[in-house]
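Protein chains: 2
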Amino acid sequence: MKARGLTQQNLLAAAKTYVPTGGRDEFTAFASGGQSGQIIVYGIPSMRIMKYIGVFTPEPWQGYGFDEESKKVLRQGNIDGKEINWGDTHHPALSETNGDYDGQFLFINDKANPRLAVIDLRDFETKQIVVNPLYKSEHGGAFVTPNTDYVIEASQYPAPYSKKFVPLERFNEEYRGGVTYWKFDRKSGKIDPKQSFTVELPPYSQDLSDAGKLVSDGWSFTNSFCTERYVGGIEKGRPPYEAGCSAKDTDYLHMINWKKAAELVKQGKAKKINGMDVIMMDTAVKEGILFLIPEPKSPHGVDVTPDGKLITVAGKLDSHVSVYSFDKIMAQIKAGKFESKDPYGIPVLSMKDSLHTQVALGLGPLHTQYDSKPCIAYTSLYVDSQVAKWNYCEGKVLDKLNIHYNIGHLMTMEGDTEHPKGHYLVALNKLAIDRFIPVGPLHPQNHQLIDISEDKMQLLYDMPLPLGEPHYVVAIKSTTLKPGIRYKVGTDSRTDEPSKGATRAGEERVVRKGKSVEVFGTEIRSHITPETIEAEVGDEVTIHLTNLERAEDETHGFTVDTYNVHASVEPGKTVTVKFKADREGVFPFYCTEFCSALHLEMEGYLLVKPKGYKEVKTVEAKAVYTKADYDKQVKTNVDTQAVIDSVVGYITSVNYKDFPPVVALVDDATDQLNRAKEAKAKMEDAAKKSDWQNATLWAGQWWQYQVKAADIGLRAKTYLEEHGAKKAGK
Amino acid sequence: MKARGLTQQNLLAAAKTYVPTGGRDEFTAFASGGQSGQIIVYGIPSMRIMKYIGVFTPEPWQGYGFDEESKKVLRQGNIDGKEINWGDTHHPALSETNGDYDGQFLFINDKANPRLAVIDLRDFETKQIVVNPLYKSEHGGAFVTPNTDYVIEASQYPAPYSKKFVPLERFNEEYRGGVTYWKFDRKSGKIDPKQSFTVELPPYSQDLSDAGKLVSDGWSFTNSFCTERYVGGIEKGRPPYEAGCSAKDTDYLHMINWKKAAELVKQGKAKKINGMDVIMMDTAVKEGILFLIPEPKSPHGVDVTPDGKLITVAGKLDSHVSVYSFDKIMAQIKAGKFESKDPYGIPVLSMKDSLHTQVALGLGPLHTQYDSKPCIAYTSLYVDSQVAKWNYCEGKVLDKLNIHYNIGHLMTMEGDTEHPKGHYLVALNKLAIDRFIPVGPLHPQNHQLIDISEDKMQLLYDMPLPLGEPHYVVAIKSTTLKPGIRYKVGTDSRTDEPSKGATRAGEERVVRKGKSVEVFGTEIRSHITPETIEAEVGDEVTIHLTNLERAEDETHGFTVDTYNVHASVEPGKTVTVKFKADREGVFPFYCTEFCSALHLEMEGYLLVKPKGYKEVKTVEAKAVYTKADYDKQVKTNVDTQAVIDSVVGYITSVNYKDFPPVVALVDDATDQLNRAKEAKAKMEDAAKKSDWQNATLWAGQWWQYQVKAADIGLRAKTYLEEHGAKKAGK
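Protein sequence lines, in the order shown, are assigned to chains A and B.
Number 573 in the UniProt record's numbering belongs to position 573 of the first sequence; there are no gaps in the numbering.
Number 332 in the UniProt record's numbering belongs to position 332 of the second sequence; there are no gaps in the numbering.
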């Protein structure tokens, strides 16, 4: 490969990351989509992006925010009645069972508009958005407790809990931070706001959190910056926030006993603010559920070790990583031994007495993740643009690797669970100055894949991120995920309930009531039923569409031209679009997802008549086709059937039942051939009446179904040939 | 690599596609983003996606549709006053000079809402959207003439040109198709609708087009399906469109002499309809600029050979590809020899007399592209799920390759220009059933990269497309693209003019006029000026932000929490966000693009006071810092300076000027150190007055600039070490 100027090490990296056609990536990563407001799903080690999931931003490909079902989810995120059509997603979290990823749910926060979203990993769709009623900003979400009882969300820039204006001069007295514990109900797959609560915190800028596990289960840890409580004002000649917020040598790690906090709420010790239970600081102090420990300058990550015994904090303006001992912390709390109190009366523990060790790693340490090997951790060094591998038991540095450039978070496989999987590490770099082909002033981000399976780390791959700046990513073993490929026919995928618009084949209809036109329609290769929809100017048009396909990946789309509606209708799903027919005219509609050879012909017309339009008596269209046309088409069909029979002959001659994808294809082809029979019956009916026009057209329809069946059959044949199918019975 | 189960062929493919860190992809591909409404930019051969460009759909990461400048572009796409917030993009086209890609502009169409967009490849931003005033639907855009004089856009589903309701029974008489020639003005980089025109066509479903080149320059070719003019109505018992639109054995290839058509318009022979010049069919026939040729059943692609002599058409319900001879066509036209006329009086040429050859390729041929080697073409076979390599001069099949599954378009490098570049082919597959880790019922698409440099085609790579279904893609040699990395300070990137909101450092200000609050602000690592913005409920707030950075990739973002505004402000750009301060309260704002170690501290507050709020006299905040704090910070700074000096010492000791990226970094670091000097001066000023509070904070600010300079210096040092810098002068 000298032609391409590759080194031996490049070739090794290529071999370690290449996933051949049909192969599967070992891990599936879920990255926040940053300012895109979405979630990015990619495979490791190939670093190929599999999907952008619409979460906080409308996304037409998925119909997200365009169909009525998903609009209901998106609009749960309105704030004080205002529509928010984007989000600044930061930290995704996978649901856990006993401290390990279970592959069921994903949570993601919105920093710009304090919200959390729930994504169901059965179908990779967003099912719920909750708005934090207290905060104006939150960066430190989402983090889950070991059994996903709660999803943790911390505020960032302090603001009054009230929705009132309070001058900045009252910052210390009336601005507040906080940590919210959102109760997650695994059965319904939803957050229950009524069972959720917040612990009031001082107006420090709370940042990331982590939940304790095993020995430290029941506690959570949240760090902070700007405990100086500095208020900027560069426009008035004051130093900016960046100076005033980085003046002190330490900030505070917050420790909260969330299990006890939940009990306090049950005991009625919380105060309702904006509809949420809040444990006020004085209560939290009095009940002994809230403590502070100094932590080095402007920290970012706080990360509990897999055994739950140690807590790693990196202060980005300090060159050390600090490892706190949960035991040492507990011993001080038990002994009531506190160094001081903060201005709000919260007990402050001794940093020195809480530390297990401190390790000098380099400039700008940010975030730590763990290896499958005991005592091994990896920390990102922002200013040094390096990943440091180090031993947190013994407090020594083991290896360093240069990355390009300015790494933020890093992530190891399942690296924040009780059982990290090792093998790979991803560096989430903030700059991509000279890494890729140029695409203008706005650059992609750069995630670098690093092999950590050996003593020395090895850089494997540079992955551009084409849309949004992911702040954090989590990765799960791909085999733990068990998403579906179709819905039960007639499902509203956002509620997982049967849709009121669900329609079976043959039961399509249009219901008119006053100014309302409600269409119960279906989609199947390759037509939409009905093909003509009539309305009058001013009508409210509602179109329900059920995808009657059962075949994998046989998604249909739908739009009505110039009406700003779009739907993605996956197999079995029922989707509803709604709009006002506000202009008279002729508006084509069509399937927007390429589904079959006759996809372009999957069309119809919405006809919007002016008010009070009088029907003009129309002349029956002249017949175009004759018996000769009919005979010709029938002959074609008979010939086509011979081809199909030969393919079927091949398939049934081998052990096709040993190949589940082929069994699914055979099912699908059988469906198509059954439909062919129906068309043939209609053809025969017309031919009997010598209606050669319709007989010819139904013969054509019969042929269309044959073509689809042949297409599927050929796919099955190719699959069998490529996967070494053997003669049946051998 | 047996551990990963790779074959020798896999390893070869890995080596052929792997691009090591810092390497560049040889080709840059621009794919339509399908229903996402965007453009997808990816590299070949690595198949890594570099960017999604916002075109028809708002996209917050880029601020597209969120800032005022881009909203103006997006809103050019309103139809009859209605906001359209998505598009169904289909066929991208790169601008050409003398029939070859010049890397300057990109055009893309919207099928669902008949529109065209212009993207400037200097910054990869959408600059213009035009709405077709005649069509309701268009699939066959964009295609350019050899010098990009015109961008060709054909209608798809016929509809009346008038915006009136016309019953389907009047389909033949009043529904129409058409081809629009949008005049492109390269100097302004915009389409000029006033100089554009349309040729009226029968109500066939016009599909794709291609412009003639060299001998056939001046002509364009547009094919069609459903020349049956069938109107469906499955809900009334009629056969569906798919049957009626595929009944005939041939459809029509339309040939239009666009050069002569442009002259006819100048001669006043066009009719103004909805503000556009339209050459009516009877004029087109009379003037001899419009002809039809039969083409096999339901074609998709029409593709002129690199030498302009032949035109390839694939009818997807025919197993042949048909190659027409431009010479033979011209001979017939010259001789006035026509086979018949269509129902609208358009002369129909003999198919037989026009054909150069027909080749039996397989089931479902769709689209053809050309190789750098003479006479070699590649055609996608939808039903067979294959790519066929064939010789169009001699009319013989050379090779076939299975793909997965159901290929739509295919694309070779610059394969529709006069000088195709060969080497790679991309298969745009419509299904990705069993190719990737599962991500729910909605699957990614699958682009497969194929090596065509040797006799036998070789499959190299499967690329999932994570967002939208690309219909077509074009690829250009990466080195032909010359995008910028920054704007001239104060540029409105959507107009490429100086912004009225442009603001220099030190000239930031807030201008209040009645209910309007206009902020002229700046962003630079790591603060926003101003840091406090005050308004009253009901005020219209306008915030202009200029990014003062010159460094590559130093983009800042901006949002005001819960106000649904977002901006991406690349180096030099000025961006404006606007909103009504409709609720009282405290609203943090911050930089949304991770830019520096103190990025999280790049924050401020919008304070919205209730109407008639009376200022409360505030107490001056107590000083927190003492002379001891000041001295300590100064000592830190002096120590830090020593580190910086050592890095600078290293850089200047080697031949850093030979490395342009390092020269840019040194410029940036020098900027930061100059700012450090300014902060230091402010510090000394405060210290002189024994104002230890502000002296300490400005000392901190000095240090912040040092940290940024150190960060940049370390990046430069690493780069030099990794790129073999040598002692200066050696």
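Idealized CB from N, CA, C, for every residue including glycine.
Just so it is clear, the structure is predicted and the values come from calculations on it, not from any experiment.
Discussion item. Measuring straight from C-alpha to C-alpha, what distance separates B/His728 and B/Asn655?
Written reply: As a working note, residue 728 of chain B is residue 728 in the second sequence. As a working note, residue 655 of chain B is residue 655 in the second sequence. Note on residue identity: the sequence assigns Ala, not His, to residue 728 of chain B. Roughly 5 Å separates the two Cα atoms.
Item to complete: Specify the secondary structure class of A/Pro133 as computed by DSSP and reduced to three states.
Response: Position 133 of the first sequence, counted from the first residue, corresponds to residue 133 of chain A. Reduced to three states, the DSSP call for A/Pro133 is coil.
Worksheet item: What distance in whole Å lies between the Cβ atoms of A/Thr542 and A/Thr574, which are believed to be in contact at a cut-off of 8 Å?
Response: Working through the first sequence from its first residue, we reach residue 574 of chain A at position 574. Working through the first sequence from its first residue, we reach residue 542 of chain A at position 542. About 12 Å separates the two Cβ atoms, so there is no contact after all.
Practice prompt. Can you tell me which of A/Val586, A/Gln448 and A/Glu549 puts its alpha carbon nearest to the alpha carbon of A/Asp667?
Written response: Sequence index remark: in the first sequence, residue 667 of chain A carries index 667 (1-based). When C-alpha distances from A/Asp667 are compared across A/Val586, A/Gln448 and A/Glu549, the shortest belongs to A/Glu549.
Discussion item. Starting from A/Asn172, trace the alpha helix (DSSP H) in both directions and tell me its first and last residue.
Written reply: Here residue 172 of chain A refers to the residue found at position 172 when the first sequence is read from its first residue. Per DSSP, A/Asn172 belongs to the alpha helix (DSSP H) from Phe171 to Glu174.
Practice prompt. Measure the CB-CB distance between A/Tyr605 and A/Thr559 and report whether it falls below 8 Å.
Written response: As a position in the first sequence, residue 605 of chain A is number 605, starting the count at 1. As a position in the first sequence, residue 559 of chain A is number 559, starting the count at 1. No, the Cβ-Cβ distance between A/Tyr605 and A/Thr559 is not below 8 Å.
Worksheet entry | Closer than 8 Å to chain B by CB, A/Leu106 | Start at 1 with the first residue of the first sequence, and residue 106 of chain A comes out as number 106. No, A/Leu106 lies away from the interface with chain B (no Cβ there is under 8 Å from its Cβ).
Item to complete: Indicate whether B/Leu598 and B/Gln701 have their beta-carbon atoms separated by less than 8 Å.
Response: As a position in the second sequence, residue 598 of chain B is number 598, starting the count at 1. As a position in the second sequence, residue 701 of chain B is number 701, starting the count at 1. Result no, Cβ atoms of B/Leu598 and B/Gln701 do not sit closer than 8 Å.
Discussion item. Measuring only the C-alpha atoms, how far is B/Asp434 from A/Trp61?
Written reply: Sequence index remark: in the second sequence, residue 434 of chain B carries index 434 (1-based). Sequence index remark: in the first sequence, residue 61 of chain A carries index 61 (1-based). Roughly 21 Å separates the two Cα atoms.
Fill in: B/Leu134 and B/Asn223 closer than 8 Å at C-beta
In the second sequence, counting from the first residue as 1, residue 134 of chain B sits at position 134. In the second sequence, counting from the first residue as 1, residue 223 of chain B sits at position 223. Cβ distance not < 8 Å, so B/Leu134 and B/Asn223 don't count as in contact.
Worksheet item: Does the distance from the CB of A/Val537 to the CB of A/Arg583 come in under 8 Å?
Response: Along the first sequence, read from residue 1 onward, the residue named residue 537 of chain A stands at position 537. Along the first sequence, read from residue 1 onward, the residue named residue 583 of chain A stands at position 583. Taking 8 Å as the cut-off, the Cβ atoms of A/Val537 and A/Arg583 count as close.
Fill in: Distance between A/Asp645 and A/Phe659 (C-alpha atoms, nearest Å)
As a working mapping, residue 659 of chain A is identified with position 659 in the first sequence. As a working mapping, residue 645 of chain A is identified with position 645 in the first sequence. Whole-angstrom Cα-Cα distance: 20 Å.
Worksheet entry | Segments assigned beta strand (DSSP E), at least 3 residues, entirely inside the stretch 437 to 481 of chain B | Runs of the beta strand (DSSP E) spanning 3 or more residues and lying entirely within the stretch 437 to 481 of chain B occur at 445 to 451, 458 to 465 and 473 to 477, in chain order.
Worksheet item: Nearest chain B C-beta to A/Cys226 closer than 8 Å, yes or no?
Response: Counting from 1 along the first sequence, the entry for residue 226 of chain A is found at position 226. Answer yes: the Cβ-Cβ gap between A/Cys226 and chain B drops below 8 Å somewhere.
Item to complete: Look up A/Leu714 in the DSSP assignment and say whether it is helix, strand or coil.
Response: On the first sequence, position 714 is the one that residue 714 of chain A refers to. Taken through DSSP and simplified to helix, strand or coil, A/Leu714 comes out as helix.
Worksheet item: Quick one: which chain B residues come within Cβ less than 7 Å of A/Glu570?
Response: The sequence position of residue 570 of chain A within the first sequence is 570, counting from 1. Against chain B, a Cβ distance below 7 Å from A/Glu570 picks out Pro441 and Leu442.
Fill in: Inside the stretch 371 to 448 of chain B only - beta strand (DSSP E) runs reaching at least 3 residues
Here the runs fully enclosed are 376 to 381, 386 to 391, 396 to 402, 407 to 413 and 422 to 429.
Item to complete: Would you mind telling me which residues of chain B sit closer than 7 Å to A/Cys245, beta carbon to beta carbon, in chain order?
Response: Position 245 of the first sequence holds residue 245 of chain A. Near A/Cys245 (Cβ distances below 7 Å), the residues of chain B are Glu601.
Worksheet item: Counting only beta-carbon atoms, is B/Ile234 nearer than 8 Å to chain A?
Response: As a working note, residue 234 of chain B is residue 234 in the second sequence. Against chain A, the CB of B/Ile234 has a partner CB under 8 Å away; the residue lies at that interface.
Worksheet item: Who are the Cβ neighbours of B/Gly345 in its own chain at under 8 Å, not counting the five residues just before and after it?
Response: Residue mapping note: residue 345 of chain B aligns to position 345 of the second sequence, counting from 1. Hits under 8 Å: Met281, Asp282 and Val285.
Worksheet item: Along the chain, where does the alpha helix (DSSP H) that runs through A/Asp353 open and close?
Response: What you label residue 353 of chain A is simply residue 353 of the first sequence in a count that begins at 1. Going by DSSP, A/Asp353 is part of the alpha helix (DSSP H) stretching over Met351 to Ser354.
Worksheet item: What separation, rounded to the nearest whole angstrom, lies between the Cα atoms of A/Ile234 and A/Trp390?
Response: Within the first sequence, the letter at position 234 stands for residue 234 of chain A. Within the first sequence, the letter at position 390 stands for residue 390 of chain A. The C-alpha of A/Trp390 is placed about 40 Å away from the C-alpha of A/Ile234.
Worksheet item: Between the Cα of B/Pro294 and the Cα atoms of B/Glu507, B/Tyr52 and B/Phe221, which residue gives the shortest distance?
Response: To locate residue 294 of chain B, count along the second sequence from 1; it is residue 294. Comparing Cα-Cα distances from B/Pro294 to each of B/Glu507, B/Tyr52 and B/Phe221, the minimum goes to B/Phe221.
Worksheet item: Within this structure, are the beta carbons of B/Lys82 and A/Gly585 separated by less than 8 Å?
Response: Counted from its first residue, the second sequence places residue 82 of chain B at position 82. Counted from its first residue, the first sequence places residue 585 of chain A at position 585. In this structure, A/Gly585 does not lie closer than 8 Å to B/Lys82 by Cβ.
Worksheet item: Can the beta-carbon of B/Trp698 be found closer than 8 Å to that of A/Ala247?
Response: As a first step, residue 698 of chain B is located in the second sequence; it is residue number 698 there, counting from the start. As a first step, residue 247 of chain A is located in the first sequence; it is residue number 247 there, counting from the start. No. Outside cutoff.
Discussion item. Does the stretch 164 to 174 of chain A come into contact with the stretch 260 to 280 of chain A, if we say contact requires no fewer than three beta-carbon pairs (one atom in each stretch) closer than 8 Å?
Written reply: Judged by pairs of C-beta atoms under 8 Å, the stretch 164 to 174 of chain A does not touch the stretch 260 to 280 of chain A, as fewer than three such pairs exist.
Worksheet item: Who does A/Glu534 pair with in a DSSP beta bridge?
Response: As a first step, residue 534 of chain A is located in the first sequence; it is residue number 534 there, counting from the start. Note: A/Glu534 sits in a beta bridge opposite A/Leu607.
Item to complete: Return no unless some Cβ of chain A is closer than 8 Å to the Cβ of B/Ala15.
Response: Working through the second sequence from its first residue, we reach residue 15 of chain B at position 15. Chain A, which has a Cβ nearer than 8 Å to the Cβ of B/Ala15, makes this yes.
Worksheet item: In the structure shown, what three-state DSSP assignment does residue 796 of chain A receive?
Response: Because chain A spans 1 through 730 in this model, residue 796 of chain A falls outside it and cannot be assessed.
Worksheet item: Helix, strand or coil: which one does DSSP assign to B/Ala623?
Response: As a working note, residue 623 of chain B is residue 623 in the second sequence. Coil.
Worksheet item: Just by C-beta distance, which residues in the stretch 83 to 103 of chain B are closer than 9 Å to chain A?
Response: Those residues of the stretch 83 to 103 of chain B that come within reach of chain A (Cβ to Cβ, closer than 9 Å) are Glu83, Ile84, Asn85, Trp86, Gly87 and Asp88.
Worksheet item: Given 8 Å as the limit, is there contact between the stretch 44 to 52 of chain A and the stretch 484 to 491 of chain A, that is, 3 or more CB pairs closer than that?
Response: The stretch 44 to 52 of chain A vs the stretch 484 to 491 of chain A: no contact.
Fill in: Proximal residues of chain A, C-beta to C-beta of B/His527 below 8 Å
Taking the first residue of the second sequence as position 1, residue 527 of chain B is located at position 527. Residues of chain A with a Cβ closer than 8 Å to the Cβ of B/His527 are, in chain order, Gly232, Ile234, Pro240, Tyr241 and Glu242.
Worksheet item: What residue from B/Thr305, B/His254, B/Thr479 and B/Glu678 has the CA that sits closest to B/Val199's CA?
Response: Indexing the second sequence from 1 puts residue 199 of chain B at position 199. Among B/Thr305, B/His254, B/Thr479 and B/Glu678, the Cα nearest to that of B/Val199 is on B/His254.
Worksheet entry | A/Gln701 in three-state terms, based on DSSP | Locating residue 701 of chain A in the first sequence gives position 701, counting from the first residue. Helix at A/Gln701.
Discussion item. Taking the alpha-carbon of A/Ser478 as reference, which of A/Leu6, A/Tyr405 and A/Leu121 has the nearest alpha-carbon?
Written reply: By one-based count along the first sequence, residue 478 of chain A stands at place 478. Among A/Leu6, A/Tyr405 and A/Leu121, the Cα nearest to that of A/Ser478 is on A/Leu121.
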